[in-house]
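In this note's numbering, the protein residues as written are 2 to 193. Just so it is clear, CB atoms sit at the ideal spot from N, CA and C, and this is done for glycine as well.
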Amino acid sequence: MRLILLGPPGAGKGTQAKLITERYDIPQLSTGDMLRGAVAAKTPIGLKAKAVMEAGELVSDDIVNAIVAERIDQPDCAKGFILDGYPRTLMQADAVEEMLAARGLKLDAVVELVVDDRALVGRIVNRAEEAKAAGLPVRKDDTPEVFEERLREYYKKTAPLTGYYFAKRRLKTVDGMGSIDEVSAGIATLLG
Ligand code: AMP
Numbered sequence: 002m003r004l005i006l007l008g009p010p011g012a013g014k015g016t017q018a019k020l021i022t023e024r025y026d027i028p029q030l031s032t033g034d035m036l037r038g039a040v041a042a043k044t045p046i047g048l049k050a051k052a053v054m055e056a057g058e059l060v061s062d063d064i065v066n067a068i069v070a071e072r073i074d075q076p077d078c079a080k081g082f083i084l085d086g087y088p089r090t091l092m093q094a095d096a097v098e099e100m101l102a103a104r105g106l107k108l109d110a111v112v113e114l115v116v117d118d119r120a121l122v123g124r125i126v127n128r129a130e131e132a133k134a135a136g137l138p139v140r141k142d143d144t145p146e147v148f149e150e151r152l153r154e155y156y157k158k159t160a161p162l163t164g165y166y167f168a169k170r171r172l173k174t175v176d177g178m179g180s181i182d183e184v185s186a187g188i189a190t191l192l193g
């Protein structure tokens, strides 16, 4: 099963990707997590990405495409994977097509979590508060100010992907406004 999860920041992609991981026993490939790892490890990519991420902007397509291309060749991706937070631009979407075609692989579905924008800032603030309460590191980009920029980037660069996949008849939409279990059940129904 090879899946793409689409939706604005705060839509619940990460949470749902984790649940899908358990259900299908395939890894979650979160470019955000990989980039945060690179920033923490101060790798050359991390050093380049840090300021861009903290500003809520998108890291360059070349960097992200290279990270994903390398990751999907790892043995744990042999049975499939969930792309969470990638692709985020039309260039990245084209790169996915090329990456898969070059390996003789196909995408099974693109699932879009449809949410009400007005609820998103609240979710992000909650995520930051929950992380803090649990003694976990709080993401530097989980502030209302940076979140606004992330949402702007989403509408400018990522939202067009829904049309891209709709035209390819791959897009499946799920109401992302329910509880975690409800959304998860909605995704399970779609994926069969
Ligand atoms: P996320 O954890 O998916 O919300 O991503 C956090 C940040 O990492 C984003 O705001 C971007 O700066 C960067 N990022 C993650 N995935 C991508 C991507 N596919 N393309 C460009 N930048 C990305």
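Judged by their CB atoms, residue 18 and residue 85 are nearer to each other than the 8 Å cut-off. Exclusion of residue 156 from the 7 Å shell around the ligand AMP follows from its C-beta lying no nearer than that to any non-hydrogen atom of the ligand. Here residue 10 really is in contact with residue 148; their C-beta atoms are around 7 Å apart, less than 8 Å. Rounded to the nearest whole angstrom, the CA to CA distance from residue 73 to residue 101 is 9 Å.
Within the stretch 113-191, the runs of alpha helix (DSSP H) that reach at least 4 residues and sit entirely inside it are, in chain order, 118-134, 145-154 and 161-168. At least one heavy atom of the ligand AMP sits closer than 7 Å to the Cβ of residue 151. Taking a C-beta distance under 8 Å as the contact criterion, residue 112 and residue 30 do not qualify as a contact pair.
A straight line joining the alpha-carbon of residue 161 with that of residue 49 spans about 26 Å. Residue range 62-72 is occupied by the alpha helix (DSSP H) that includes residue 72. In this chain, residue 27 is not harboured by any beta strand (DSSP E), its DSSP state being neither H nor E.
Residue environment for residue 120: exposed (fewer than 16 other C-beta atoms within 10 angstroms of its C-beta). Restricting attention to 92, 184 and 42, the CA atom closest to the CA of residue 64 is found in 92.
Put simply, the backbone Cα of residue 108 is about 24 Å away from that of residue 183. Relative to the ligand AMP, residue 53 has its C-beta within less than 7 Å of a heavy atom. In the same chain as residue 128, and ignoring 5 residues on each side of it, the C-beta atoms closer than 7 Å to its own belong to 143, in chain order. Secondary structure of residue 85 (DSSP, three-state): strand. In terms of Cα proximity to residue 67, the closest of 97, 114 and 2 is 97. The shortest CA-to-CA distance from residue 23 to any of 177, 69 and 81 is the one to 81. Here residue 174 has 113 and 115 as same chain residues with Cβ atoms under 7 Å from its own Cβ, once five neighbours each way along the sequence are excluded.
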